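Encoded as structure tokens, the structure appears first; notes follow it.
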Amino acid sequence: PFADDSFDMLMANHMLYHVPDIDKAISEVKRVLKPKGKFYAAANAKGNMLELRQMLNDISKFFPNDVVVNLNNIPYTLDLAPSYLEKYFDNIERFNLNSQIIVDKAKPIMDYLISMIDLDKLENLVSQQEQEQSLEQALAYINKKLAKGAMVIDTKTGMTVAY
């Protein structure tokens, strides 16, 4: 571990939701920050990419149960950040970055959706042929949606600065 009061600044860039014990991680951040140090933590906000989440829910019907990642129980978001940070820091500032992604091709959407499928679990549950069939059904569903026009995805992200 690093010594107490080692750093002027630390940053966690869209990763705290992966940490098994977020409170412990933030307490360590506080310990190794110098007294006037700042902690920057980027995260997604509630409602980020709802359009993709809806599509993920829609295509989950093509796959066996429990292979599509559930994005509804994320332990650390921009909205939840103060509840973690206020235990260790006196000042917390929030900066929002809202934008849109416009997608008119199926491949980037399919790539994202595949990244949300537990492929190891899928392999253990169904044959290669059934996997391919599920992916083809998902792709057909995406293409059908895109035939109506480009998909507009609202992004809601940002950063908290704690000191």
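So the sequence shown is numbered by my numbering: it starts at -10 and just counts up by one.
Built from N, CA and C at the ideal position, the CB exists for glycine as well.
Remember, predicted model here, so these are calculated numbers, not experimental data.
#1: Look up I91 in the DSSP assignment and say whether it is helix, strand or coil.
#2: Pick out the complete alpha helix (DSSP H) segments inside the segment 53 to 113, 4 residues or longer, and give them in chain order.
#3: Starting from the C-beta of D(-7), find all residues in its chain whose C-beta is less than 7 Å away, skip the five residues before and the five after it, and write them out in chain order.
#4: Taking L86 as the reference, give the member of K145, F(-9), M4 and G26 with the closest Cα.
#5: Quick check: L5 and Y65, are their CB atoms within less than 8 Å of each other?
#6: Looking at L60: is its Cβ nearer than 8 Å to the Cβ of A34?
#7: Could you give the distance in angstroms between the alpha-carbon of V99 and the alpha-carbon of V92?
#8: Below 8 Å between beta carbons: does that hold for A151 and F28?
#9: Identify which residue in L111, F84, I131 and G147 has its Cα closest to the Cα of Q43.
#10: Would you grab the beta carbon distance between V58 and M105 for me? Rounded to a whole angstrom, and I think it's under 8 Å.
#11: Suppose contacts are defined by Cβ-Cβ distances below 8 Å. Is Q120 in contact with L111 by that definition?
#12: Smallest Cα separation from E125: which of V56, F51, P97 and F84?
#13: List the whole-angstrom C-beta distance separating I63 from I142, where the pair is believed to meet the contact cut-off of C-beta under 8 Å.
#14: Is it the case that the CB of Q89 approaches a heavy atom of the ligand NAP more closely than 7 Å?
#15: Locate the alpha helix (DSSP H) running through N132, then write down its first and last residues.
Let me spell this out:
#1: Taking the sequence shown and counting its residues from 1, the one referred to as residue 91 is at position 102. I91: strand per DSSP, three-state reduction.
#2: 70 to 74 and 95 to 104
#3: Position 4 of the sequence shown, counted from the start, is the residue given in the question as residue -7. Correct list, in chain order: R20 and V21.
#4: Position 97 of the sequence shown, counting from 1, holds the residue named residue 86. Residue K145 is the option with its Cα nearest to L86.
#5: For the purposes of this step, residue 5 is taken as the residue at position 16 of the sequence shown. For the purposes of this step, residue 65 is taken as the residue at position 76 of the sequence shown. Yes, they are a contact pair.
#6: Translated into the one-based positions of the sequence shown, residue 60 becomes position 71. Translated into the one-based positions of the sequence shown, residue 34 becomes position 45. Not a contact, by the Cβ cut-off of 8 Å.
#7: Numbered from 1 along the sequence shown, position 110 holds the residue referred to as residue 99. Numbered from 1 along the sequence shown, position 103 holds the residue referred to as residue 92. Note that residue 99 is Met in the sequence shown, not Val. C-alpha of M99 to C-alpha of V92: approximately 11 Å in a straight line.
#8: In the sequence shown, the residue the question calls residue 151 occupies position 162. In the sequence shown, the residue the question calls residue 28 occupies position 39. Yes; because the gap between Cβ atoms is below 8 Å, this pair is in contact.
#9: Locating residue 43 in the sequence shown gives position 54, where the first residue counts as 1. The option with the nearest alpha carbon to Q43 is I131.
#10: Against the sequence shown, residue 58 aligns to sequence position 69. Against the sequence shown, residue 105 aligns to sequence position 116. That pair is a contact at about 5 Å.
#11: Taking the sequence shown and counting its residues from 1, one reaches residue 120 at position 131. Taking the sequence shown and counting its residues from 1, one reaches residue 111 at position 122. Contact: yes.
#12: The residue given as residue 125 occupies position 136 in the sequence shown. Comparing Cα positions, the closest option is F51.
#13: For the purposes of this step, residue 63 is taken as the residue at position 74 of the sequence shown. For the purposes of this step, residue 142 is taken as the residue at position 153 of the sequence shown. The pair is not a contact, with the Cβ atoms about 17 Å apart (cut-off 8 Å).
#14: For the structure depicted, the ligand NAP is absent and the ligand set is empty, with no information on it obtainable.
#15: Working through the sequence shown from its first residue, we reach residue 132 at position 143. From DSSP, the alpha helix (DSSP H) with N132 extends over Q117 to L135.
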